[in-house]
Amino acid sequence: MGLLSDPNRRQALIKLLTRLNAPICGMPVDWLVKTMQARGLEVFTQSFSRTLPFPDENTERYVVKGTNVYGILRAPRAPRTEALVLSAPCTPGDNNNQAVGLLLGLAHYFRNQVYWAKDIIFLVNEHDLIGMQAWLEGYHHTNVTGMDWSPLQGRGGSIQAALSLELSSDVVTSLDIVLEGLNGQLPNLDLANLFYAFCQKIGVLCTIQGKLQRNDWDSASGYNHAVQTMMLMVMKQASGRPWGDHGLFLRYHIEAATVKGVNSFRHYKTDATTIGRLLEGMYRKLNNLLERLHQSYFFYLLPSLSHFVSIGYYMPAFGLLAVILLLRALDLWVQLSAQPSRTEDGVAGTEQSNPGVLSVLTPLVISHLTGAALYMLPVRFQEVAVEHFPVSETEAVVLTAIAVYTAGLALPHNTHRYPDMGWRVLKLVALLYLAVLLGCTAVINFSLGFILALTLVPAAAYVTPHVPKALSAFFLVALSPACTLLFSVFFFQELQEMPVSFQDGWLLYLSVIAQGMLDHYLYGSLVFPLVALLVYPCWLLFWNILFWK
Amino acid sequence: MAAHRCRNLACLLLLFLSVFLVTMSQETTLGHEQHATAVGDPQTGAETKHTAEKPRVEEKRWEETKVKATTQASDTAVLTKTQVNEDFQEELVIRPLHSGDIYASFQFRTVWETDFMKGNKVSHYRLFPKSLGQVISKFSVRELHISFTQGYWRTMQWGQPFIPSPPGAELWVWFQDSVTDVDATWKELTNVLSGIFCASLNFIDSTNTLQPSASFKPLGIGNETDHRFLRYATLPREIVCTENLTPWKKLLPCGSKAGLAVLLKSEKLFHSSFHSQSVHIRPVCQDRQCKSSSWELRQALNVVFDLHTSGQSKREWSLFKMFSRTLTEACPLASSSKIYIDVTDNPQEEQFELSPATPLLSQAVVLGDRRTFSVYDLTQQVTFGTVRSLNLMIRWKSSEGDMLRPLLHAERYVAGYGLQTGEIHTLMYNNHPFRSFPVLLLDSVPWYLRLYIHTLKVISKGKDNNPSYIHYQPSKDRERPHLLEMLLQLPPHSVTEVTVQFERALLKWTEYTPDPNHGFYVGSSVISSLVPSTVAMETNITMEQPLFSSFFPCKEESSYFARVYTEPLLVNLPTPDFSMPYNVICLTCTVVAVGYGSLYNLLTRSFQVEEPNPGLAKRIANVIRRMRGVPPL
């Protein structure tokens, strides 16, 4: 590989990096355009603006305006049908300047090579995910989230793969690859394999979930380490949020990953040129692809970068959980069909005592209306809430959500016409509902489906009107979606070896709720509507069964 | 009128003289130098027939040069009658581009006065390639245009090409109206051409053949425009390489042995940003009155070299650097052999420096723009200087590369996500500040993208733009593609967007290509247009011109014909996972075949005890016993 064996090029790269080390206020659009043009790229810009449904307190955003700059390296003798993307988010301050510098250095080097068969798009996006969303929507001319963006002028055909680059300093000790994308989608495993292979070849430490791979698989501590890594992946995937700029590409069937440079004060240092060589190698490999990545797995869990758990191994675990629901439902169905024949016979008899499906309509409708309220009200009534209570908009939204959620528990649900049979029919419907819901969720986002199944299935299987009320109520609330989220927050912090106190954990919990809602409104994440419109009403049905008179 | 005839006569005389000189030079190469210097003046005089030229003087003046030159589109090839009814010309146009890249365009033209039609057996070929001549007569071809292109012409950076072509292979043919079964002839013709050009033209079948009603009119003479005799097909996937170049070069009279064709070395031609080679055959007028026609074979090769990938730090180009050859002679069979360098943007040599300098200048209106060219005539020994070889050098002085704003350009892309539906967007830019012009859009979409034609929308400047002519032919599954032709008026300074939604069909499993996850290609759409020329657009006249010539804005051609191809599309169709089912099918079939086969064999075979064959002695004994009337053993 020729990159940076040439002293001139190395010097040029260093010059860029030092230029970028100077703090920049906002994104230097004109400078980027000029620099990219000087490197022989076709340069275009895209401006976008977005008003968030409520202020994002983590990143202090409300009205976002920005510009994306991208330069296209046209492959010689290629008909503009395929492209690769290398992106680097450019944030105010000097958080990611090294990545932008490296991107420009690579652009300069790539431009002088003859072997490209696919166009390469070098994208510098402002306001990280929002800018990326605007660019991708512009590129594919879709509008999923109601953002304003100016149409793109230049394109490179269908994008085959993308990498997003995040470097916070010019010296890194290890590289971390982030795979979890929007709605828990994952890129093809071959992309992770490619990254791992090149790290091995060049001799760079590589991590996943920030955890190094250990060689002692057989020992208990090594196993523990791998399980921890995998649990982190499960938690991240279940959250359904894009954990890097790459996460938004996956919707468009573009294999993408984020490469993060980590500076953790280890002995072993890697400079930007080595990362450049790694990226060059990866892009040359991707450039040689004749087809989209499709051969390997799209559904996997990674206990380390060199090992994976395939769908064939983890799906049975979920299947066993789901079977409990089906067996319970079968049991109830047998009971329901056995009773009428034992007590009465004839058509009139069944009509009287067999409640039928219509009788459970009331609790179904009421719980779903509560769910709809949980989905709609928080954002709609934030102004009202801010007027009447001394809270900020974000707090108002989150607290309204919690209030609606709690209020849902107190609602009367049923007319109780059939005291004995009614709850059985309702439970049968609820069990089947839950089984279908969890099954579909697990196919799309295994981690989310599995975590929900772990908490909801015991409650669903266990609950009847005849169990001790107070204890069961506590048990049921502890296993409700909201509490699952709370426990997950603490568990996630524990896994990351950053345990928090209850006070901090609660604040984190509130911000996670806000974040989840923002992910839905900004990027089209489906976790919030799924929980609010389907999972929560389903749980309410079981709650209703418990308090059946 | 008399003067006109006089000039004609003079031209004829001069040309005759020059032909005579060329033949002389073939015979006596030694004494050529003296001859050439001696007749330098008449030779330049002969130039004024097509392109008025004059010796270069210190102060450039442009008044005299007003004669329209031949361009590829508006060509009215007028030939003067000579004894030899075959003529070969070669030329190379080099245009230094703003971006620092360089565009080289070769054109070789053979004109032959002959008649391939009406059962006329033509058996004696001199300059015209026999393989193509036979194709013309066998398939009753009236016009044939074929191009092979690797890469996409970047209009935004390079401006308009002299001969546009879409990525991949493109073939369009007008047949004589005597052909009865056009489809069968077309099928046979594509197979023959596939052999001649070593290309996969045999993949042209009814699913990618079109009959455009308006977009492709004959370029030669003849007024038959019934589109039943027209066939058009593109293969966007076709990859062009040396195997296509070699047969193309063999069609030239001098091969690649002499003349400009020595520059065509594949290792350099395919080390470029863009490569396109084409063959155009058409009937042209033989003389001014057009009483008889002759056949014109035009071979063109366009190539753009990239400054950045050439691995040089200086902005400098030379023939040697581009083609790794220099020129030493013209093709001896050629009546004219010239190199044109576009120096329009470089009147005072402030942009680049050209060496060796040439005294000859030529002006031509090319694609609506008046261009100035430096001319090197290879038939004269002076051109090659004392070193006997010509190595043109272009040294850039300035180094700015801005994007161009061509008057008309277009792009196309697939919008949407997911594998069920999608939307094709075609954008057409009219960058003319105040004039609108009509364009003819031809879209051809394979049948497996099912167009929802009711979603067709044409929007320019936020308003609906109603096409004045629409020709839509729906597709038939596995038989023919969608064909959509529209005549649109592009408002000035606007973007016109044509969108149409489609649904991706699920193919039968044998219909997938061997690499289904690569995607399926949709050919370029073709935009044919009459674009207002920039010459007519000039409102503030910067050049010094007499007042009487500049009152009406349209001095010369007010518009020129341009054809723009958009990029082809790569669309992913819903694809089953072929690897897993394939393995499963193979394994289960083996197991079933072995297991079931042997079991079935055991169950259905009828067993019987076989009588051992009697030995030879026993059989003879039996024969004897039978003759004796004794029962056999």
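Chains as they are written, first to last, in UniProt numbering: chain C, 1 to 549; chain F, 1 to 633.
Even glycine gets a Cβ: it sits at the ideal position worked out from N, Cα and C.
Of the residues the options, which one's Cα is nearest the Cα of residue i?
| i | options | result |
| --- | --- | --- |
| C:K260 | C:S87, C:Y375 and C:K65 | C:S87 |
| F:E329 | F:H493, F:R315 and F:T383 | F:T383 |
| C:H253 | C:T91, C:H140 and C:P529 | C:H140 |
| C:L522 | C:F54, C:F491 and C:V29 | C:F54 |
| F:A617 | F:L633, F:V592 and F:V240 | F:L633 |
| F:D183 | F:P532, F:Q160, F:A233 and F:K217 | F:A233 |
| C:E497 | C:S310, C:Q209 and C:Q37 | C:Q209 |
| F:V489 | F:Y452, F:M428, F:I94 and F:W509 | Note on identity: in this sequence residue 489 of chain F is Gln, with Val being the wrong assignment. When each option's Cα is compared against that of F:Q489, the closest is F:M428. |
| C:T67 | C:D128, C:Y109, C:I120 and C:V85 | C:D128 |
| C:V43 | C:A322, C:A403, C:L136 and C:L104 | C:L104 |
| F:P438 | F:E353, F:N466, F:L451 and F:V445 | F:N466 |
| F:M486 | F:Q501, F:S529 and F:T575 | F:S529 |
| F:F520 | F:L319, F:I136, F:L235 and F:V111 | F:L235 |
| F:P568 | C:N224, C:W539, C:V463 and C:E82 | C:E82 |
Please report the residue range of the beta strand (DSSP E) in which residue i lies.
| i | result |
| --- | --- |
| C:K65 | R61 to L73 |
| C:N97 | Segment N97 to R111 is the alpha helix (DSSP H) holding C:N97; no beta strand (DSSP E) there. |
| F:M486 | H482 to L490 |
| C:D30 | C:D30 -> not in any beta strand (DSSP E); alpha helix (DSSP H) instead, spanning V29 to A38. |
| F:A562 | S559 to Y565 |
| C:C90 | E82 to C90 |
Does residue i pass the burial test, meaning 16 or more other C-beta atoms within 10 Å, or should it be called exposed?
| i | result |
| --- | --- |
| C:L546 | buried |
| F:C589 | exposed |
| F:R231 | buried |
| C:Q503 | exposed |
| F:S215 | buried |
| C:K269 | exposed |
| F:I624 | exposed |
| F:Q348 | exposed |
| C:Q515 | buried |
| C:M233 | buried |
| C:L175 | buried |
| C:H466 | exposed |
| F:D226 | exposed |
| F:C254 | buried |
| C:Q51 | Residue identity differs from the one stated: residue 51 of chain C is Thr in this sequence, not Gln. With fewer than 16 Cβ atoms within 10 Å of its Cβ, C:T51 is classed as exposed. |
| F:D87 | buried |
| F:H454 | exposed |
I'd like the span of the alpha helix (DSSP H) that includes residue i, first residue to last.
| i | result |
| --- | --- |
| F:K130 | K130 to F139 |
| C:D128 | D128 to H140 |
| F:C241 | Here F:C241 belongs to no alpha helix (DSSP H), and DSSP marks it neither H nor E. |
Which bits of chain B does residue i rub up against, with CB to CB less than 7 Å?
| i | result |
| --- | --- |
| F:H308 | No chain B is present in this structure, whose protein chains are C and F. |
Quiz item: Pairing CB atoms from the region 172-192 of chain C with CB atoms from the region 111-122 of chain C, are three or more of them under 8 Å?
Solution: No, because fewer than three Cβ pairs between the region 172-192 of chain C and the region 111-122 of chain C fall closer than 8 Å, the two stretches do not touch.
Practice problem: Only counting runs of 3 or more residues, tell me where the beta strand (DSSP E) segments fall wholly within the region 336-411 of chain F, in order along the chain. | Solution: Counting only runs of 3 or more, we get 336-342, 352-355, 360-366, 369-377 and 393-396.
Quiz item: Where are the alpha helix (DSSP H) runs, 4 residues long or more, that stay fully inside the region 467-530 of chain C, in chain order?
Solution: Assignment of alpha helix (DSSP H) within the region 467-530 of chain C, counting only whole runs of 4 or more residues, yields 469-478, 481-495, 502-523 and 527-530 in chain order.
Practice problem: At 4 residues or longer, and completely inside the region 170-208 of chain F: list those alpha helix (DSSP H) runs for me, N to C. | Solution: As far as the region 170-208 of chain F is concerned, its whole alpha helix (DSSP H) runs of at least 4 residues are 182-197.
Self-check item: At least 3 beta-carbon pairs within less than 8 Å: the region 70-77 of chain C vs the region 148-156 of chain F
Solution: Yes: the two stretches touch, three or more of their Cβ pairs being nearer than 8 Å.
Quiz item: In chain order, which beta strand (DSSP E) runs of at least 3 residues are fully inside the region 201-278 of chain C?
Solution: Segments of the beta strand (DSSP E) lying fully in the region 201-278 of chain C: 206-208 and 255-262.
Quiz prompt | Cβ contact (3+ pairs, closer than 8 Å) linking the region 417-430 of chain F and the region 332-348 of chain F | solution = Taking a cut-off of 8 Å on C-beta distances, the region 417-430 of chain F does not touch the region 332-348 of chain F, as fewer than three cross pairs fall below it.
Quiz item: Can at least three beta-carbon pairs, one atom from the region 388-398 of chain F and one from the region 135-150 of chain F, be found at a separation below 8 Å?
Solution: Contact check between the region 388-398 of chain F and the region 135-150 of chain F: fewer than three CB pairs, one atom from each, fall below 8 Å, which does not count as touching.
Practice problem: Determine, using beta-carbon pairs with one atom in the region 243-253 of chain F and one in the region 264-283 of chain F, whether at least three such pairs fall under 8 Å. | Solution: Result yes; three or more Cβ-Cβ pairs closer than 8 Å.
Exercise. Report yes or no: do the region 294-308 of chain F and the region 363-383 of chain F share at least 3 C-beta pairs separated by less than 8 Å?
Key: Segment contact: the region 294-308 of chain F against the region 363-383 of chain F, fewer than three CB-CB distances shorter than 8 Å; contact not assigned.
Quiz item: Can at least three beta-carbon pairs, one atom from the region 206-222 of chain F and one from the region 477-486 of chain F, be found at a separation below 8 Å?
Solution: By the Cβ criterion, the region 206-222 of chain F is in contact with the region 477-486 of chain F, since at least three pairs of Cβ atoms, one from each stretch, lie closer than 8 Å.
Quiz item: Where in the region 264-290 of chain F do unbroken runs of the alpha helix (DSSP H), each at least 4 residues long, occur, reported from the N-terminal end onward?
Solution: Counting whole runs of 4 or more residues, the region 264-290 of chain F contains the alpha helix (DSSP H) stretches 266-269.
Exercise. Spell out a yes or no on whether the region 269-286 of chain C and the region 214-231 of chain C are touching, meaning 3 or more CB-CB pairs, one atom from each, closer than 8 Å.
Key: In short, these stretches do not touch, since the Cβ pair count stays below three.
Exercise. May I ask you to verify whether the region 588-607 of chain F touches the region 303-318 of chain C, counting CB pairs closer than 8 Å and requiring at least 3?
Key: When C-beta atoms of the region 588-607 of chain F are compared with those of the region 303-318 of chain C, fewer than three pairs fall below 8 Å, so the two segments do not count as touching.
Quiz item: Quick one: any contact between the region 195-209 of chain C and the region 172-186 of chain C, if contact means 3 or more CB pairs under 8 Å?
Solution: A contact exists between the region 195-209 of chain C and the region 172-186 of chain C.
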